[in-house]
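In our numbering, the protein residues as written are 105 to 389.
Okay, structure coming up:
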């Protein structure tokens, strides 16, 4: 027992931790937690808004749509789908999942298709095409175009999105320090400890959950899916009739399920089912 007149750590002459009654601190802490979470959420919402007019960059660029929907993997499969229709890429008769350049490129071939054609001068696993320098360069250009249009978050935006978690994190630390001091003073700390853990959880979620697309990107993709329902897996479109660009847009907007529905044999030769099962191509709607 402490000698008379000696005040315990974290208390004052009133006997309350930090001189603030528990109920008062709890109320103030709750208000601070709500305010910090709301401000951080608002800040993150602004960062993730994107540019509502950025969807214009997708016009006539089905591989950009694919990258927006499912990243570089889906962009490559969208390009391969177009090249399959115009005969500029063929699959292996003996080894599933491999492709090589076929006939000469058409004048309408995209930069990504040209890069794939150069990289697949001999049998090459389709899933590794995006690691080739020429293909990787074109994919990077697509990504930069989407970032500049405000459809996906760039690295700086993702960092700022995570940094917004600092404020809830500081509130969590404050609560844990208060709980520690209260425990040392023999005060009940259950409520503030629970709130502190809630704020720690909020902080962790804010740090870990970072979207790839902005809300403008989501809206642009959703609009394309609604406008081109005729290219969806349910419609089973004829790529031969619609042409290479439509084939690429079908896969770009609706993911690998569109390839599996429209060209099941080609999909099997590409081993696309395996990629889809592993989450390599977004399913769209």
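Even glycine gets a Cβ: it sits at the ideal position worked out from N, Cα and C.
So, helix, strand or coil for residue i, using DSSP?
{"i": "residue 194", "result": "strand"}
{"i": "residue 266", "result": "helix"}
{"i": "residue 210", "result": "coil"}
{"i": "residue 341", "result": "coil"}
{"i": "residue 204", "result": "strand"}
{"i": "residue 229", "result": "strand"}
{"i": "residue 356", "result": "helix"}
{"i": "residue 317", "result": "strand"}
{"i": "residue 256", "result": "strand"}
Quick check: what's the CA-CA separation for residue i versus residue j?
{"i": "residue 218", "j": "residue 182", "result": "13 angstroms"}
{"i": "residue 303", "j": "residue 332", "result": "43 angstroms"}
{"i": "residue 197", "j": "residue 224", "result": "15 angstroms"}
{"i": "residue 252", "j": "residue 171", "result": "14 angstroms"}
Taking 8 angstroms as the cut-off, decide whether the C-beta atoms of residue i and residue j are in contact.
{"i": "residue 243", "j": "residue 321", "result": "no"}
{"i": "residue 313", "j": "residue 257", "result": "no"}
{"i": "residue 144", "j": "residue 268", "result": "yes"}
{"i": "residue 201", "j": "residue 230", "result": "yes"}
{"i": "residue 220", "j": "residue 184", "result": "yes"}
{"i": "residue 154", "j": "residue 318", "result": "yes"}
{"i": "residue 306", "j": "residue 141", "result": "yes"}
{"i": "residue 349", "j": "residue 213", "result": "no"}
{"i": "residue 280", "j": "residue 300", "result": "yes"}
Residue i: buried (16+ other C-beta within 10 angstroms of its C-beta) or exposed?
{"i": "residue 132", "result": "exposed"}
{"i": "residue 165", "result": "buried"}
{"i": "residue 163", "result": "exposed"}
{"i": "residue 168", "result": "buried"}
{"i": "residue 216", "result": "buried"}
Quick check: the segment 201 to 212 against the segment 182 to 193, are there 3 or more CB pairs under 8 angstroms? At 8 angstroms Cβ cutoff, the stretches touch.
Does the segment 365 to 374 touch the segment 331 to 345, meaning 3 or more C-beta pairs lie closer than 8 angstroms? The segment 331 to 345, when compared against the segment 365 to 374, does touch it at the 8 angstroms Cβ threshold.
Should the segment 345 to 360 be regarded as contacting the segment 283 to 300, the criterion being three or more beta carbon pairs within less than 8 angstroms? no
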